[in-house]
Amino acid sequence: EAQVTQNPRYLITVTGKKLTVTCSQNMNHEYMSWYRQDPGLGLRQIYYSMNVEVTDKGDVPEGYKVSRKEKRNFPLILESPSPNQTSLYFCASTRVRDSQAFFGQGTRLTVV
Amino acid sequence: GENVEQHPSTLSVQEGDSAVIKCTYSDSASNYFPWYKQELGKRPQLIIDIRSNVGEKKDQRIAVTLNKTAKHFSLHITETQPEDSAVYFCAAKGGAQKLVFGQGTRLTINP
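In order, the protein sequence lines correspond to chains E and F. Numbered per our numbering, the first sequence spans residues 670 to 781. Numbered per our numbering, the second sequence spans residues 2 to 112.
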């Protein structure tokens, strides 16, 4: 089954404690991205990757890092989380030929 | 860069009536406009999309219209049902594969 898998689904952490949210897709898509969803703001792009070892900033990259060492994986790293990064995070994988994006299940992060 | 505005932010309709959600975009080079439905606690899921070479597209009870001159597009849901209650997002594809999303519309269908 074609899918995008994120882990964990829920995470509560403390300010400053490094964390990683994993994302994996099995559709062989080149393009992957991370979004955060906040009430009234829709989904805003954090980082994206056009292919292996090619990443770039989206609209709200501050406080986040990503890596793309393999085509299927695109982890999101918060080196020193702060309370303003409390949000719902979605990974997406895009089929380039028709631009259709497929989302992971989401990760609800709370930073206290 | 691209900017997408979506209205209304909340919409309540009687079951069986129609619902319309509108979006405007700023970048005339945008060429792909998807709509996503997000049920409570779930991921956004693509329900319909339209490309810039088409003015209208239908899929059963849902349809999308695009006016490139005015830079706006709309989602139309007819004969609404309780299962249509959700948050709906419009988006526009700007540079490369980047999707820029509207702020979302919470649609409630009243029985």
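We treat Cβ as the ideally placed atom computed from N, Cα and C, and that holds for glycine.
Amino acids of chain F, ordered along the chain, whose beta-carbon sits closer than 7 Å to that of residue i
i, result
"L710/E", "Q104"
Cross-chain neighbours of residue i in chain E, by beta carbon under 8 Å
i, result
"P45/F", "L712, F759 and F772"
"K69/F", "Correct list: empty, because the minimum Cβ distance to chain E is about 17 Å."
Burial state of residue i (16 or more Cβ within 10 Å)
i, result
"L41/F", "exposed"
"A770/E", "buried"
"T81/F", "buried"
"V55/F", "exposed"
"Q61/F", "exposed"
"I681/E", "exposed"
"L710/E", "exposed"
Proximity to residue i [Cα-Cα], best of the options
i, options, result
"L778/E", "S718/E, D767/E, K687/E and R678/E", "R678/E"
"L722/E", "S768/E, K740/E and K686/E", "Per the sequence presented here, residue 722/E reads as Glu, with Leu not at that position. Closest by alpha carbon: K740/E."
"E84/F", "Q98/F, V14/F and G2/F", "V14/F"
"G727/E", "D707/E, S702/E and E670/E", "S702/E"
"K72/F", "Y26/F, T79/F, G95/F and P112/F", "Y26/F"
Pair within 7 Å by beta-carbon distance, residue i and residue j
i, j, result
"K59/F", "I48/F", "no"
"T684/E", "V765/E", "no"
Under 7 Å from the C-beta of residue i: neighbouring residues of chain E
i, result
"Q98/F", "Y700, T763, V765 and S768"
"K94/F", "S768"
"Y33/F", "S768"
Under 9 Å by beta carbon: chain E residues contacting residue i
i, result
"Y26/F", "Correct list: empty, because the minimum Cβ distance to chain E is about 13 Å."
Neighbour list for residue i in chain F, Cβ cutoff strictly below 9 Å
i, result
"Y717/E", "A97, Q98 and K99"
For the 8 Å Cβ check, are there 3 or more pairs between the stretch 65-72 of chain F and the stretch 734-742 of chain E? no
Stretch pair the stretch 5-17 of chain F + the stretch 92-105 of chain F: three plus CB contacts closer than 8 Å: yes
Touch test, the stretch 18-27 of chain F against the stretch 744-762 of chain E, Cβ-Cβ under 8 Å, three pairs minimum: no
Kindly confirm or deny that the stretch 689-707 of chain E and the stretch 741-750 of chain E touch, where touching means at least three C-beta pairs closer than 8 Å. Yes: at least three Cβ pairs fall under 8 Å.
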